[in-house]
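Student: For any residue, its number in the numbering used here is found by taking its place in the sequence shown, counting from 1, and adding 48. In this text, a Cβ means the ideal position worked out from N, Cα and C, and glycines have one as well. I'd like to ask you about the structure that follows.
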Amino acid sequence: MKNPWEEIPLADYENHMQSDSVMQLQAMNELMKQQFIACPASHVMILGIAGGNGLEHITDGRFDKVYAVDVNALYLEEVVRRYANLNGVLECLCLDLKEEIAKLPHADMVIANLLIEYIGYQCFQKVIQHVSPAYVSCIIQVNLEDAWISDSPYLHVFDRLDAIHHQMDEQGLKKIMSEINYFPRNSLEYMLPNGKKLVQIDFNRYPSGLPAGCLDR
């Protein structure tokens with residue numbers, strides 16, 4: 049069975065995400081700008097890249113390699129078209145993270161924005177253990193009301209996502225990351241319309257146990 053994300057047109061996804069009732073495309077763009085400069089990484093991996101929102105913030109010489117990972121091959125084709133200026137640095141990988149973790153290369157930093165919701169905590173742990181980054185930056189959506197998809201003219205494009213969606217919370221993410229020796233360095237919240245918020249948590253990897261001073265602030 050196909051992953052539901054393979055059947056969602058990129059235009060519908062982006063129009064939904066940037067609509068006045070959602071405003072997540074704009075929020076994510078600003079947050080990613082900060083994610084790219086937060087850590088001294090030369091190889092960064094972005095999981096669930098979609099159409100490449102935020103890649104315009106990658107300046108010349110910032111990274112030696114940017115791995116853009118998505119399950120939808122058409123999304124990645126559009127990423128290559130939109131960001132031709134990153135040729136030689138950008139490498140797109142069309143992979144289903146639930147089935148093809150072993151194909152992921154190593155990276156110094158992993159960015160996972162609105163991605164863990166669709167693969168689950170356990171799969172995300174396995175991805176991070178395999179890629180073995182020093183730094184991880186995650187953005188999750190926390191739903192303060194019942195509906196997890198905001199209303200828009202494109203709402204029903206996402207109907208099949210119910211089958212793979214996992215509810216997220218801050219403590220749950222911190223817990224599963226601590227189990228594999230990643231501990232929070234900082235966190236922030238970004239309020240959205242319709243009873244939702246984005247929560248960004250940045251993690252550092254430690255060899256073993258919880259070192260002094262690594263709790264988030």
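Taking the C-alpha atoms as reference points, what is the distance between K146 and I167?
Tutor: Taking the first residue of the sequence shown as 1, we reach residue 146 at position 98. Taking the first residue of the sequence shown as 1, we reach residue 167 at position 119. Taking the straight line joining both Cα atoms gives about 7 Å.
Student: Jot down the residue ranges of each uninterrupted alpha helix (DSSP H) in the region 156-206, minimum 4 residues, whole runs only, in chain order.
Tutor: The qualifying runs are 164-167 and 169-179.
Student: Could you tell me the alpha carbon to alpha carbon distance between Y169 and I159, rounded to whole angstroms?
Tutor: As a first step, residue 169 must be located in the sequence shown, where it is residue number 121. As a first step, residue 159 must be located in the sequence shown, where it is residue number 111. Whole-angstrom Cα-Cα distance: 15 Å.
Student: Where does the unbroken alpha helix (DSSP H) through V128 begin, and where does it stop?
Tutor: Taking the first residue of the sequence shown as 1, we reach residue 128 at position 80. It spans A121 to R130 - the alpha helix (DSSP H) in which V128 sits, taken as one unbroken run.
Student: Quick check on M76: does DSSP put it in helix, strand or coil?
Tutor: Along the sequence shown, one-based indexing puts residue 76 at 28. Reduced to three states, the DSSP call for M76 is helix.
Student: Pop quiz: N161 and I187 are said to be a contact at Cβ under 8 Å. What is the actual Cβ separation, rounded to whole angstroms?
Tutor: Numbered from its first residue, the sequence shown carries residue 161 at position 113. Numbered from its first residue, the sequence shown carries residue 187 at position 139. Sure, about 4 Å apart at Cβ, within 8 Å.
Student: Is it a yes or a no for the region 197-206 touching the region 137-155, going by three-plus beta-carbon pairs under 8 Å?
Tutor: Taking 8 Å as the limit for Cβ pairs, the verdict is that the region 137-155 does not touch the region 197-206.
Student: Rounded to the nearest angstrom, how far is the Cβ of F251 from that of M216, given a contact under 8 Å?
Tutor: Here residue 251 corresponds to residue number 203 of the sequence shown, with the count starting at 1. Here residue 216 corresponds to residue number 168 of the sequence shown, with the count starting at 1. Not a contact, Cβ separation roughly 15 Å.
Student: Pick helix, strand or coil for L95, following the three-state DSSP scheme.
Tutor: The sequence position of residue 95 within the sequence shown is 47, counting from 1. Strand, per DSSP.
Student: Beta-carbon within less than 6 Å of T185's beta-carbon, same chain only, minus the 5 sequence neighbours each way: which residues are those?
Tutor: Start at 1 with the first residue of the sequence shown, and residue 185 comes out as number 137. Note on identity: in this sequence residue 185 is Ser, with Thr being the wrong assignment. Excluding sequence neighbours, S185 sits near Q83, I159 and D250.
Student: For the putative contact between Y123 and A98, defined by C-beta atoms under 8 Å, what is the C-beta separation to the nearest angstrom?
Tutor: In the sequence shown, residue 123 corresponds to position 75, counting from 1. In the sequence shown, residue 98 corresponds to position 50, counting from 1. Y123 to A98, Cβ: 5 Å. Contact.
Student: For S90, collect the residues of the same chain with a Cβ closer than 8 Å to its Cβ; drop the 5 residues on either side in sequence, then sort them by chain order.
Tutor: Here residue 90 corresponds to residue number 42 of the sequence shown, with the count starting at 1. Once the five neighbours on either side are set aside, the close Cβ partners of S90 are F111, D112, K113 and D156.
Student: Just to confirm my understanding: we take L73, look at its own chain, exclude 5 residues before and 5 after, and list those with CB closer than 8 Å. What are they?
Tutor: In the sequence shown, residue 73 corresponds to position 25, counting from 1. E62, M65, Q66 and N101.
Student: Just to check my reading of the structure: C140 and V127 have Cβ atoms closer than 8 Å, yes? What is that Cβ distance to the nearest angstrom?
Tutor: Reading the sequence shown from its first residue, position 92 is the one you call residue 140. Reading the sequence shown from its first residue, position 79 is the one you call residue 127. About 6 Å; that satisfies the 8 Å criterion.
Student: Counting along the chain, where does the beta strand (DSSP E) carrying L141 start and finish?
Tutor: Counting from one through the sequence shown, the residue named residue 141 turns up at place 93. Unbroken beta strand (DSSP E) run through L141: L138 to C142.
Student: Taking the straight line between their C-alpha atoms, what separation do you get for L79 and P181?
Tutor: The count along the sequence shown starts at 1 and reaches residue 79 at position 31. The count along the sequence shown starts at 1 and reaches residue 181 at position 133. The straight-line gap from Cα to Cα measures roughly 20 Å.
Student: When burial is assigned at 16 or more other CB atoms within 10 Å of the CB, is D267 buried or exposed?
Tutor: Nothing can be reported for residue 267: it is not among the residues displayed for the chain, which extend from 49 to 265.
Student: Could you tell me which residues DSSP puts in a beta bridge with L236?
Tutor: Here residue 236 corresponds to residue number 188 of the sequence shown, with the count starting at 1. Per DSSP, Q248.
Student: Can you have a look at I85 and say buried or exposed, based on whether 16 or more other CB atoms are within 10 angstroms of its CB?
Tutor: Against the sequence shown, residue 85 aligns to sequence position 37. Classification for I85: exposed.
Student: Where do the ends of the alpha helix (DSSP H) carrying Y61 lie?
Tutor: Counting from 1 along the sequence shown, the entry for residue 61 is found at position 13. Note, Y61: alpha helix (DSSP H), L58 to M65.
Student: Between Y202 and A59, what straight-line distance do the alpha-carbon atoms span, to the nearest angstrom?
Tutor: Working through the sequence shown from its first residue, we reach residue 202 at position 154. Working through the sequence shown from its first residue, we reach residue 59 at position 11. Roughly 10 Å separates the two Cα atoms.
Student: For N135, does the three-state DSSP call read helix, strand or coil?
Tutor: Within the sequence shown, residue 135 is the residue found at index 87, counting from 1. Note: N135 maps to strand in three-state DSSP.
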